[in-house]
Structure formats: C-alpha cells, structure tokens
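> I'd like to ask some things about the structure below.
In the numbering used here, the protein residues as written are 1 to 176.
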C-alpha cells in the first residue's frame with residue numbers, strides 16, 4: 001500500500017498519529033517558538049468579537065491585556081485544525097454533516113435536537129471556562145505540556161481520563 005493510500009484511510013494507527021502529532025508539536029516550537037493549543041484562539045476570537053460589537057467586556061483587564069483582540073498564532077492554528085479536519089474527511093470520503101443525535105443519545109435522552117444543541121453549547125462554555133482556569137486546553141496542557149514534561153500537563157492527563165470516566169458513567173450509566 002502506497003503512502004497516499006495510507007493517508008486516505010479512515011482510521012490510522014495510534015502510533016502513527018501520535019508520532020505525527022509529536023512532530024507537529026516539535027515543529028511548532030522550533031519554527032515559531034509556540035506550543036500548540038486551541039483554547040487561546042477561541043479566547044482571542046471572543047476578544048475580537050467583543051471589541052467589534054463595542055461590549056464593555058472588551059475593556060476588561062483580561063481581554064485588554066491577557067487576550068487582546070489580535071490575529072494570534074492560536075487563531076491561525078485553530079483555523080488550520082478546522083480546515084485540516086475538513087480536508088482529511090473529504091480526502092478519506094468520510095465527510096458528512098450530522099444534525100441528528102445518534103442512537104445512544106436518543107435512547108438515553110430522547111430525540112430532541114434543541115435539547116442536544118443546548119447541552120452541547122453549555123458543555124462547550126464549561127469546557128472553555130475550565131480551560132481558562134486550568135491554564136490551557138487538552139491540546140495545550142495534555143499535548144504540549146507533556147511534551148515538555150510539565151507537572152501541570154501530566155496532572156491534567158490524569159484528571160482528563162478520570163473526569164471522562166466519571167462523566168461517561170453519569171451520562172450513560174454503563175461502560176463505553
């Protein structure tokens with residue numbers, strides 16, 4: 001099987017994906033002196049939106065100095081991740097837009113699309129807020145942090161798995 005055919009597969013070996021993620025993290029650090037992480041990009045976009053719409057929050061210390069409204073490396077990285085995922089799914093012929101909840105969700109919570117979208121939005125807000133408190137998101141702390149052997153990154157990985165297991169048990173009541 002050629003390299004191009006391997007790249008078009010829908011699933012990759014976790015070893016190959018992990019290796020390439022490591023190469024990406026090292027390249028980011030070496031080429032632009034930045035670690036990879038996406039929550040900062042979302043906060044920078046928020047800062048830009050707040051300034052554009054003349055919100056009083058735009059003048060807060062956080063959005064003025066910590067996350068100023070500038071086109072940052074994190075925004076470019078965030079856009080690149082979205083485009084990369086799109087290209088990858090198109091290339092492997094796996095792209096599809098799903099608005100309907102999957103069967104597991106329907107069995108446990110019913111078929112309401114609105115309920116699912118509201119909960120997705122609330123969950124996203126909680127995750128973004130938590131990333132701000134933690135000092136980074138999954139990619140920032142788990143990937144970049146552990147690449148640097150940061151105690152915060154290593155502790156975050158443990159917390160990530162423990163909280164994921166607990167959340168799955170609470171939401172679905174069984175192992176998945």
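Even glycine gets a Cβ: it sits at the ideal position worked out from N, Cα and C.
So, are the CB atoms of residue 36 and residue 143 less than 8 Å apart?
Counting from 1 along the chain shown, the entry for residue 36 is found at position 36. Counting from 1 along the chain shown, the entry for residue 143 is found at position 143. Result yes, Cβ atoms of residue 36 and residue 143 sit closer than 8 Å.
> Going straight from the alpha carbon of residue 171 to that of residue 2, what length do you get?
Counting from one through the chain shown, the residue named residue 171 turns up at place 171. Counting from one through the chain shown, the residue named residue 2 turns up at place 2. Rounded to the nearest angstrom, the two C-alpha atoms are 42 Å apart.
> Given that a residue counts as buried once 16 or more other Cβ atoms are within 10 Å of its Cβ, and exposed if not, what is residue 44?
As a position in the chain shown, residue 44 is number 44, starting the count at 1. The residue in question, residue 44, is buried, as its Cβ has 16 or more Cβ neighbours within 10 Å.
> Between the alpha carbons of residue 32 and residue 80, how many angstroms are there, rounded?
By one-based count along the chain shown, residue 32 stands at place 32. By one-based count along the chain shown, residue 80 stands at place 80. The straight-line gap separating the alpha-carbon atoms of residue 32 and residue 80 is approximately 15 Å.
> Just curious, the alpha helix (DSSP H) that residue 151 is in, first and last residue?
For the purposes of this step, residue 151 is identified with residue 151 of the chain shown, where counting begins at 1. 151-172 is the span of the alpha helix (DSSP H), which, as asked, contains residue 151.
> Can you tell me the Cα-Cα spacing of residue 16 and residue 61, whole angstroms?
For the purposes of this step, residue 16 is identified with residue 16 of the chain shown, where counting begins at 1. For the purposes of this step, residue 61 is identified with residue 61 of the chain shown, where counting begins at 1. Taking the straight line joining both Cα atoms gives about 42 Å.
> How would you write the range of the alpha helix (DSSP H) that residue 125 sits in, first residue to last?
The residue you call residue 125 lines up with position 125 of the chain shown. Taken as a continuous stretch (DSSP letters only), the alpha helix (DSSP H) holding residue 125 covers 113-134.
> Check the C-beta distance from residue 77 over to residue 18 and give it rounded, since I have them as a contact under 8 Å.
Along the chain shown, read from residue 1 onward, the residue named residue 77 stands at position 77. Along the chain shown, read from residue 1 onward, the residue named residue 18 stands at position 18. Contact between residue 77 and residue 18 fails: their C-beta atoms lie close to 19 Å from each other, not under 8 Å.
> With burial defined as no fewer than 16 other Cβ atoms inside 10 Å of the residue's Cβ, what is the status of residue 95: buried or exposed?
In the chain shown, counting from the first residue as 1, residue 95 sits at position 95. So residue 95 counts as exposed.
> Considering only residues of the same chain and omitting the five flanking positions on each side of residue 22, which have a CB-CB separation below 8 Å?
Numbered from its first residue, the chain shown carries residue 22 at position 22. Residues 147 of the same chain have their beta carbon placed closer than 8 Å to that of residue 22, with the five preceding and five following residues left out of the count.
> Taking only the alpha-carbon atoms, compute the straight-line gap between residue 59 and residue 70 and give it to the nearest angstrom.
As a first step, residue 59 is located in the chain shown; it is residue number 59 there, counting from the start. As a first step, residue 70 is located in the chain shown; it is residue number 70 there, counting from the start. C-alpha separation (whole angstroms): 14 Å.
> Over the uninterrupted alpha helix (DSSP H) stretch that includes residue 64, give me the two end residues.
One-based indexing of the chain shown puts residue 64 at position 64. It is not in any alpha helix (DSSP H) - residue 64 carries neither H nor E in the DSSP assignment.
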